[in-house]
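*Asks:* Next up is a structure, given as structure tokens.
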Amino acid sequence: MKPRIVILISGRGSNMAAILAAGLPLEVAAVISNLPEAGGLELADAQGIPTAVVDHRAYATRAAFDAALMAAIDRHDPQLVVLAGFMRIFTPEFVAHYRARLINIHPSLLPAFPGLHTHRQALAAGVRIHGCTVHFVTDELDHGPIVAQAAVPVLSGDTEDLLAARVLRCEHVLYPRALRWWAEGRLHQDDGRIAVEGKFPSSGTLMAPEEA
Ligand code: GRF
Numbered sequence: 001m002k003p004r005i006v007i008l009i010s011g012r013g014s015n016m017a018a019i020l021a022a023g024l025p026l027e028v029a030a031v032i033s034n035l036p037e038a039g040g041l042e043l044a045d046a047q048g049i050p051t052a053v054v055d056h057r058a059y060a061t062r063a064a065f066d067a068a069l070m071a072a073i074d075r076h077d078p079q080l081v082v083l084a085g086f087m088r089i090f091t092p093e094f095v096a097h098y099r100a101r102l103i104n105i106h107p108s109l110l111p112a113f114p115g116l117h118t119h120r121q122a123l124a125a126g127v128r129i130h131g132c133t134v135h136f137v138t139d140e141l142d143h144g145p146i147v148a149q150a151a152v153p154v155l156s157g158d159t160e161d162l163l164a165a166r167v168l169r170c171e172h173v174l175y176p177r178a179l180r181w182w183a184e185g186r187l188h189q190d191d192g193r194i195a196v197e198g199k200f201p202s203s204g205t206l207m208a209p210e211e212a
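See below:
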């Protein structure tokens, strides 16, 4: 039986769409959003994926929202919860509940530039290389064991939007690739770090610009 995932989104869902389009050996049991207006919900629905909304604005506390979200997720009994542009910070209880079963993509080369506005942060810092990171989620925001990273150059004349678009193209390749490794049972945790079983370096946990 294929392993089951639930994808959490808050917005347009382009990473979700890339995951759905990749023909991965897994079942997307549901797509859940904290915002009813998230564009990705329609995309998922059009592909026959069950969708749900748990609107955080309807809950008085973060703990109450997380509990409701957990219930909505666990209804599908997923082996992995995939964050794809899900813009809420979780309680430690939520993270503990999905320990080693919660994965995220962040638009920077972590540990550089955690948090929001990563492309603006990268431009302000003057880095020459930027990118994205797929990582397991721990209590510390935008930290946790790294599965894979993709790098892009920062070019002179770059704006936040140009850089974001360059990184996003990599995200759409990197996230499905990392999820394929997970679905194939190739991710192993060793001393807090992730090893990917397989042939290297060609199967690339570091994706270089020319591959994007
Ligand atoms: C992506 O850049 C992702 O890395 C970040 O939020 C953005 C979501 O975009 N966490 P999309 O909704 O997948 O298009």
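Per this note's numbering, residue 1 is the first one in the sequence shown, and the count goes up by one each step. For glycine and all other residues, C-beta sits at the position ideal for the given N, C-alpha and C. All figures in this text were calculated on a predicted structure; none of them were measured in a lab.
Pull up the DSSP beta-bridge partners for N104, would you.
*Replies:* For N104, which the question treats as bridged, DSSP gives the partners L83, H135.
*Asks:* For E184 and V196, what's the separation of their Cα atoms in angstroms?
*Replies:* Taking the straight line joining both Cα atoms gives about 10 Å.
*Asks:* Can you have a look at D161 and say buried or exposed, based on whether 16 or more other CB atoms are within 10 angstroms of its CB?
*Replies:* That one is exposed.
*Asks:* Just to confirm my understanding: we take G198, look at its own chain, exclude 5 residues before and 5 after, and list those with CB closer than 8 Å. What are they?
*Replies:* Only W181, R186 meet the Cβ criterion.
*Asks:* State the beta-bridge partners of I73 as determined by DSSP.
*Replies:* Bridge partners of I73: none, in fact.
*Asks:* Rounded to the nearest angstrom, what separates L123 and R169 at their Cα positions?
*Replies:* When rounded, the distance between both Cα atoms is 18 Å.
*Asks:* Report the three-state DSSP secondary structure of L109 (helix, strand or coil).
*Replies:* Looking at L109 - three-state DSSP - the assignment turns out to be coil, as it is neither helix nor strand.
*Asks:* Compute the Euclidean distance between the alpha carbons of I129 and A151, then round it to the nearest angstrom.
*Replies:* For I129 and A151, the distance between alpha carbons rounds to 6 Å.
*Asks:* With 16 as the cutoff for other CB atoms within 10 Å, does H188 come out buried or exposed?
*Replies:* So H188 counts as exposed.
*Asks:* Whose C-beta lies closer than 6 Å to the C-beta of A164 among residues of the same chain, with five residues either side of it excluded?
*Replies:* H119, listed in sequence order.
*Asks:* For the stretch 84-92 against the stretch 14-31, are there 3 or more C-beta pairs whose distance is under 8 Å?
*Replies:* Yes, they touch.
*Asks:* Is it true that the CB of T91 sits closer than 7 Å to the CB of L110?
*Replies:* Contact flag unset, no.
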